[in-house]
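Residues in the sequence shown are numbered consecutively from 0, following numbering that gives the first Met the number 0.
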Amino acid sequence: MFELPEYVTLARQLADTVTGKQIKEGRLGNSPHKFVWYNRKPREFESLTADRVIGKAYSRGRWLFIPTNPGYVLVFGECGGRILYHNSKEEIPKKYHLVLVFEDGSALSAMTQMWGAMELYEKGQELKRKYICDMRPTPIEPEFSFGYFSNLIDECVHSEKRSVKGLLTQDQIIPGLGNSIAQDIMFKAKLHPKHPLDDLAGKKRKSLYDAIRKTVSEVIRKGGRNDECDLFGQPGGYERILSKDTVGRPCQECGTKIEKMQYLGGACYYCPRCQV
Ligand SMILES: [Zn+2]
């Protein structure tokens, strides 16, 4: 699944590559998939995208926005899979969930793996969509200060029992983070995934905040994780510290074997010695 850094990378590459291109034809999926959320019928999508011109793409959290001017915005959200650019000489993949073919013969295709939104809104209406309208500050926004983060933890502790992994991956409390990047954040903060939030004061709180900011900016700088592809089908440059490939291998800090457990909707990888 794409997480915040992959969305930032895709938005930047889209802005550089397809801004100003005119849409010849927009098509919705030829590969049925019940977990792709569309808000338009194929015919409607086709007529609403024809002849429109791509504006500068941008992202927020795990949402990608591509203006189709005049008047509309194409929104991709919570997706994994592939969002790919094809130059005029390249073939469009046989299976896709959305394709835009441009007047110059180039194209954009999207194919999600698990689920995801691919929706076309009248400009402004996208801001009323669930998960977008109520999105809290993401870790790369100026509002995401340590003061804000600290209040967020206090708020969470008041409302229910949560763990560090719960804070990082559930309910979009910190939008943009997901199961992959969360592992490395917890490793850098030396916190066990099950570490309770109500025992996160002082130094621990600050180290978790620093680990979030540092990890996210490093993954962005490296163009996303190496287990996801960018707009040109190239893997990102960030190699995860903890992943399925590191289970049973020595921890890079202390040499203890990395362990795996199932917890909160996904596998967790951690060092039982460093992370407490
Ligand atoms: Zn260790």
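Positions of the beta carbon are idealized from the N, C-alpha and C atoms, including for glycine.
What residues in its chain sit with their C-beta under 6 angstroms from that of S206, if we drop five residues either side in the sequence? For S206, where only same-chain residues beyond five positions count, the Cβ hits under 6 angstroms are A188.
Alpha helix (DSSP H) segments (min. 4 residues) lying fully within the stretch 40–87: Taken in chain order, the whole alpha helix (DSSP H) runs of length 4 or more contained in the stretch 40–87 are 41–48.
In the DSSP output, what is K259 paired with across the bridge? Y268, per the DSSP bridge assignment.
Output needed for Y37: all residues of its chain with C-beta closer than 7 angstroms, excluding positions within five of it in sequence on either side, in chain order. Excluding the 5 residues flanking it on each side, Y37 has same chain C-beta neighbours closer than 7 angstroms at L27, M117 and E118, in chain order.
Bridge partners for A106 per DSSP, in chain order? Partner(s): H85 and V100.
Do P138 and K164 have their CB atoms nearer than 7 angstroms? No, these two residues do not count as a Cβ contact at 7 angstroms.
L119 - DSSP class collapsed to helix/strand/coil: DSSP places L119 in strand when its eight states are reduced to three.
Return yes when the C-beta of R272 is under 6 angstroms from any heavy atom of ligand 1, and no when it is not. R272: yes, Cβ under 6 angstroms from ligand 1.
Find out if the Cβ-Cβ distance for the pair E238, N225 is shorter than 7 angstroms. The Cβ atoms of E238 and N225 sit closer than 7 angstroms to each other.
Excluding the 5 residues flanking Y147 on each side, which residues of the same chain have their C-beta closer than 7 angstroms to its C-beta? Here the set comprises P136.
Identify which residue in T255, R204 and D50 has its Cα closest to the Cα of S144. Here the closest residue by C-alpha is R204.
For the beta strand (DSSP E) containing K23, name the first residue and the last one. That run of the beta strand (DSSP E) goes I22 to L27.
Which first and last residues belong to the beta strand (DSSP E) in which Y130 is found? No beta strand (DSSP E) contains Y130, which DSSP labels as neither H nor E.
Does DSSP put Y95 in a helix, a strand or coil? Coil.
I want to know whether the stretch 80–94 touches the stretch 153–163 - three or more CB-CB distances under 8 angstroms. Short answer: they don't touch.
Quick one: grab the DSSP three-state call for C228. Three-state result, C228: strand.
Whole angstroms is fine: what's the gap from R272's alpha carbon to L190's? Computed Cα separation, rounded: 10 angstroms.
CA-CA distance, K23 and L107? Going from the Cα of K23 to the Cα of L107 covers about 12 angstroms.
Cutting at 7 angstroms between CB atoms, please list the residues of its own chain near L245, excluding the five before and the five after it. The residue asked about is misnamed: residue 245 is Thr in this sequence, not Leu. If we look at T245 and ignore the five residues flanking it on each side, its Cβ neighbours are I257 and Y268.
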